[in-house]
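Just add 9 to wherever you are in the sequence shown, counting from 1, and you've got this note's numbering.
Take a look at the structure below.
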Amino acid sequence: MIRPQRGTSRDVRRTNRAVLLRTLFFDGEASRFELAQATGLSPATVSNVVTGLLSDGIVVEVGRVESDGGRPRVQLRVNSHHAYAVGVEVGETRVGVELFDLSMTPRAKAETPLRLGQHTPDLVAGHIREGVAAVIAQAGVDPGHVLGVGVGVPGMVRGSVVDSPTFGWSGVRLADMLPGLPVFVDNGAMALGLAEHWFGAGRDSSYMIMVLIGSGVGACIITDGITVRGVSGGAGEWGHTTVVVGGRPCRCGARGCLEAYVGAEPVLARAGIDLAGTEEESAFAALLADPGARPLFDEVVGHLGAGLASLINLLNPQRIVLGGWAGLLLARDHLPAILAATERSALRCSYGRVAIEAAHLGSEGVKLGAAILVVDQFLGG
Numbered sequence: 010m011i012r013p014q015r016g017t018s019r020d021v022r023r024t025n026r027a028v029l030l031r032t033l034f035f036d037g038e039a040s041r042f043e044l045a046q047a048t049g050l051s052p053a054t055v056s057n058v059v060t061g062l063l064s065d066g067i068v069v070e071v072g073r074v075e076s077d078g079g080r081p082r083v084q085l086r087v088n089s090h091h092a093y094a095v096g097v098e099v100g101e102t103r104v105g106v107e108l109f110d111l112s113m114t115p116r117a118k119a120e121t122p123l124r125l126g127q128h129t130p131d132l133v134a135g136h137i138r139e140g141v142a143a144v145i146a147q148a149g150v151d152p153g154h155v156l157g158v159g160v161g162v163p164g165m166v167r168g169s170v171v172d173s174p175t176f177g178w179s180g181v182r183l184a185d186m187l188p189g190l191p192v193f194v195d196n197g198a199m200a201l202g203l204a205e206h207w208f209g210a211g212r213d214s215s216y217m218i219m220v221l222i223g224s225g226v227g228a229c230i231i232t233d234g235i236t237v238r239g240v241s242g243g244a245g246e247w248g249h250t251t252v253v254v255g256g257r258p259c260r261c262g263a264r265g266c267l268e269a270y271v272g273a274e275p276v277l278a279r280a281g282i283d284l285a286g287t288e289e290e291s292a293f294a295a296l297l298a299d300p301g302a303r304p305l306f307d308e309v310v311g312h313l314g315a316g317l318a319s320l321i322n323l324l325n326p327q328r329i330v331l332g333g334w335a336g337l338l339l340a341r342d343h344l345p346a347i348l349a350a351t352e353r354s355a356l357r358c359s360y361g362r363v364a365i366e367a368a369h370l371g372s373e374g375v376k377l378g379a380a381i382l383v384v385d386q387f388l389g390g
């Protein structure tokens, strides 16, 4: 039998600090009195914790506001310049790196394009190292004030071990290839879902699904702030659910996967577009604008609607957020048709309770979500 462990006074202090710091982070400015009301902690506990946070420079005083009949209250907020976090998106078409302060404001960015087949672990890790050094130098911040690096990658992530059929990676220990700072690695759809849940379309949703459509297709399931990962980190591989038995071959090795019908790379291939020497995102945007491609995108929308309906029927979410660079382009041009196709295949009672919308954070969301992986640890997550 596993016996519960008793929390020490140090554990209690750490928990109280995390509660107060996270409250200030999400709610913005607040007085000690307001923090006590919001957290349920005693005024004495709030005062003690805040004193420590002020001493460490993590929190700053930002002025006073009048109170009802009493002394003016000192307002507090997280010191955005106390520390920084780097977010990295390793996508099929590029490696993007961005530096954020503690208000999650971007301070500097760098980007390296990738071509088809240019995804070896050594090459990608090299681009990440160069990008991290570039954004720190560009922003002029002390490297000692950088909390760590978060990386979003396609595929399944177990700890820092990445298996990515998209890149041909198996058992790649990406964090070990990025020395110098703490590294947090996660699936790109998971990172994007975290960003939209904290700051975007899913902020007021207790049960959301983030779907990411780029060259490939993935999803992230978040319920009550917890990301569903599965026993081996493979939850959310929605793009590899079968929509046509014995259908088109998928790059994962199976046939009939949703990704083979709605992912940007296979869509461009069906249109006869050779990506050799062509930038995939611009090619996809041009194809969307071609009136002659309407039948092709009618098919894409139909399969996407069926795939979304499967998520609705199986998981009964409160909100579905469409993201990824190709997902945003599809939502921009075809959202009403996507909703209609989803409604045709979804159970009426569940479809009536779900909101489906485009991501609010645009194509930068994965980098923000990757940086959140770092900041969440700092906040005591």
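By construction, the Cβ of each residue, glycine as well, lies at the ideal position given by its N, Cα and C atoms.
Fair warning: this is a prediction, and the values are worked out from it, not measured in the lab.
Pull up the distance between the alpha-carbon of residue i and that of residue j, whole angstroms please.
| i | j | result |
| --- | --- | --- |
| C259 | G223 | 15 Å |
| R86 | G389 | 17 Å |
| L203 | F35 | 14 Å |
| V4 | E75 | Outside the displayed span of the chain (10 to 390) sits residue 4, for which this structure offers no information. |
| R22 | S64 | 16 Å |
| A367 | T351 | 15 Å |
| D185 | T17 | 33 Å |
| F42 | R82 | 8 Å |
| G140 | A119 | 6 Å |
| P115 | C261 | 35 Å |
| L358 | M217 | Contrary to the premise, residue 358 reads as Cys rather than Leu in this sequence. Each residue's Cα considered, the two are about 17 Å apart. |
| V158 | A280 | 38 Å |
| V383 | V162 | 15 Å |
| A302 | A39 | 53 Å |
| S56 | V170 | 42 Å |
| S372 | G164 | 18 Å |
| H343 | T24 | 46 Å |
| L337 | F293 | 12 Å |
| A200 | A45 | 31 Å |
| D172 | Q127 | 16 Å |
| H90 | L284 | 43 Å |
| A324 | A148 | For clarity, residue 324 is Leu in the given sequence; the question names Ala instead. Answer to the nearest angstrom: the Cα atoms are 43 Å apart. |
| D20 | W334 | 42 Å |
| V252 | D195 | 26 Å |
| I235 | P300 | 42 Å |
| G392 | A278 | An answer regarding residue 392 cannot be provided, because it is not within the stretch 10 to 390 covered by the chain. |
| D154 | I137 | Per the sequence shown, residue 154 should be read as His rather than Asp. Straight-line Cα distance between these residues: approximately 19 Å. |
| R12 | T32 | Because the pLDDT of R12 is 44, which lies under 50, any placement of that residue in the model is unreliable, and the question is left without a value. |
| S214 | V237 | 15 Å |
| G177 | V166 | 14 Å |
| L9 | D151 | No answer is possible for residue 9: it lies beyond the span of the chain, which begins at 10 and ends at 390. |
| L125 | P326 | 35 Å |
| G311 | S291 | 23 Å |
| M113 | G256 | 43 Å |
| T54 | A142 | 40 Å |
| V181 | D385 | 24 Å |
| P174 | G168 | 17 Å |
| R73 | G61 | 20 Å |
Do residue i and residue j have their C-beta atoms within less than 8 Å of each other?
| i | j | result |
| --- | --- | --- |
| I231 | A244 | no |
| Q84 | V71 | yes |
| G374 | E205 | yes |
| A379 | V59 | no |
| R353 | G314 | yes |
| L370 | G211 | no |
| W207 | I67 | no |
| T121 | E289 | no |
| V220 | G332 | yes |
| A92 | L111 | yes |
| Y270 | V309 | yes |
| V160 | V226 | no |
| R328 | V276 | no |
| L305 | I282 | no |
| V254 | G272 | no |
| V106 | V144 | yes |
| L156 | F387 | yes |
| T250 | S179 | no |
Rounded to whole angstroms, how far is the Cβ of residue i from the Cβ of residue j, which I believe are closer than 8 Å?
| i | j | result |
| --- | --- | --- |
| G248 | E268 | 4 Å |
| A355 | N322 | 6 Å |
| A198 | A228 | 6 Å |
| L377 | I365 | In fact, because the Cβ distance is near 22 Å, the residues do not count as touching under 8 Å. |
Would the region 24-31 and the region 45-52 be scored as touching if the rule is three or more Cβ pairs under 8 Å?
With the rule of 3 Cβ pairs closer than 8 Å, the region 24-31 counts as touching the region 45-52.
What residue ranges within the region 317-372 form continuous alpha helix (DSSP H) runs of no fewer than 4 residues, ordered along the chain?
Complete alpha helix (DSSP H) runs here, min 4: 334-354 and 357-360.
With a cut-off of 8 Å, do at least 3 Cβ pairs link the region 131-151 to the region 178-193?
As far as the Cβ criterion goes, the region 131-151 touches the region 178-193, which means the pair count is three or higher.
I'd like the ranges of any alpha helix (DSSP H) spanning at least 4 consecutive residues and lying wholly in the region 267-297.
Counting whole runs of 4 or more residues, the region 267-297 contains the alpha helix (DSSP H) stretches 268-271, 273-279 and 289-297.
Identify every run of the beta strand (DSSP E) within the region 144-200, keeping only runs that are complete inside it and at least 3 residues long; order them along the chain.
Runs of the beta strand (DSSP E) inside the region 144-200: 155-162, 165-167, 170-173, 178-182 and 192-196.
At what residue ranges does the region 63-115 contain a whole run of the beta strand (DSSP E), taking only runs of 3 or more?
The region 63-115 contains these whole beta strand (DSSP E) runs: 68-74, 82-87, 93-99 and 103-110.
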